[in-house]
Ligand SMILES: *Cc1c(COP(=O)(O)O)cnc(C)c1O
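In the numbering used here, the protein residues as written are 120 to 528.
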């Protein structure tokens with residue numbers, strides 16, 4: 120047995136790989152962008168489409184409890200992010216949920232006119248910043264103003280004008296982890312709320328939202344949670360804030376009694392008030408089924424393997440002088456991805472994909488490799504390292520067909 124095979128045979132999570140449908144000959148290192156397909160999701164979707172939609176039709180809202188699906192999925196996500204009952208619900212996309220929470224949070228602050236600033240950082244995922252800009256133009260600069268930090272100095276940026284600190288926990292570009300406990304405490308000490316985007320953390324990094332008294336959070340269903348393309352997102356609202364927060368997309372699913380069809384909006388009591396319209400049942404059933412993989416899992420165990428995989432990869436590519444590590448070398452500061460920079464990163468990634476190693480490219484010069492400990496092995500990692508060394512040192516990426524830009528990178 121070689122080193123990678125030895126590591127795989129000692130891996131307590133090794134059997135999970137067989138629970139995914141992975142294409143033959145592909146080394147999939149992009150589970151941070153779109154999680155792979157868990158085998159059993161296929162049959163759950165077939166049952167949902169053929170029996171529930173096809174046969175039970177509208178009766179399924181009651182018979183198959185479609186109506187409580189957003190809450191039930193929220194409760195499956197809660198333990199994964201360290202949240203107690205009644206604080207997580209599944210709905211809409213991350214972008215839409217950011218809009219709901221930011222606007223609600225600024226509204227709940229309107230007794231305190233001085234606090235109108237959303238503090239975030241320059242390197243945040245663009246949609247988070249775009250949504251904050253949208254909130255600002257909707258409410259006006261008097262109510263919502265965006266302040267971007269570029270040097271990580273939140274201690275200076277958060278002051279008596281700050282309404283909310285909105286940050287992403289694991290950075291999409293370099294995989295670095297923000298210090299959630301410290302920054303949450305800092306915001307609270309200055310009288311501000313926090314909103315954490317957990318898109319690249321949920322299901323892969325230990326999170327203790329309740330223990331850290333986090334106010335608000337959102338996250339993606341289609342990344343490490345394996346919910347499928349465009350799977351709905353989740354919303355976390357700390358119980359102590361729910362009653363004071365009224366979100367702006369006051370659709371009927373967030374109403375106290377949707378089927379009373381009353382003329383005026385009255386929000387539901389708990390976390391359900393963060394729902395808006397009819398849930399996408401097909402997508403949500405896929406996510407719900409995928410989450411069952413987490414039932415017997417300890418996130419700490421996933422995190423341990425994730426760190427070992429990324430470290431193994433970093434050590435394996437350290438001898439390629441053309442590549443620069445763009446992710447933190449310190450294991451505690453890195454999520455489950457490794458980013459490497461190279462001026463020809465786009466072409467290199469296309470050449471890798473051509474050889475069956477799937478990662479992705481991020482502007483301006485980042486090669487991104489995501490490691491999903493439920494289905495990635497050390498053998499995958501070792502083979503990816505060998506192919507990457509070959510592609511870079513023998514310049515296989517120079518082929519002009521690898522330079523043609525696609526719409527999605
Ligand atoms: C993936 C990701 C999103 C995606 O938002 P959508 O509305 O689902 O497109 C948002 N924020 C962060 C930090 C992400 O990583």
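By construction, the Cβ of each residue, glycine as well, lies at the ideal position given by its N, Cα and C atoms.
For the set 244, 202, 257, 203, the Cα lying nearest the Cα of residue 223 is the one of 257. For ligand 1, a non-hydrogen atom lies closer than 7 Å to the CB of residue 287.
No Cβ-Cβ contact shorter than 8 Å links residue 432 with residue 196. With respect to residue 404, residue 169 sits apart: the two C-beta atoms are not nearer than 8 Å. Between the beta-carbon of residue 365 and that of residue 226 there is about 6 Å, and that keeps the pair under the 8 Å contact cut. Contact holds between the segment 274–284 and the segment 236–249, because three or more Cβ pairs, one in each stretch, are under 8 Å apart. In this structure, residue 279 keeps its C-beta atom at 8 Å or more from the C-beta atom of residue 316. Around the beta carbon of residue 194, 16 or more other beta carbons sit within 10 angstroms, so the residue counts as buried. Judged by their CB atoms, residue 201 and residue 453 are not nearer to each other than the 8 Å cut-off. Counting C-beta atoms within 10 angstroms of its own C-beta, residue 378 has fewer than 16 neighbours from the protein chains shown and is therefore classed as exposed.
Residue 318 has its CB nearer than 7 Å to a heavy atom of ligand 1. In the three-state reduction of the DSSP assignment, residue 526 falls in the coil class, being assigned neither a helical nor a strand state. Look at residue 492 here: in three-state DSSP terms it is coil, with no helix or strand label. Around residue 508, the same chain offers 439 as residues with beta carbons nearer than 7 Å, after the five sequence neighbours per side are excluded. Residues 428, 431, 432 of the same chain have their beta carbon placed closer than 6 Å to that of residue 500, with the five preceding and five following residues left out of the count.
Taking each of 358, 446, 213 in turn and checking the Cα distance to residue 290, the smallest one comes out for 446.
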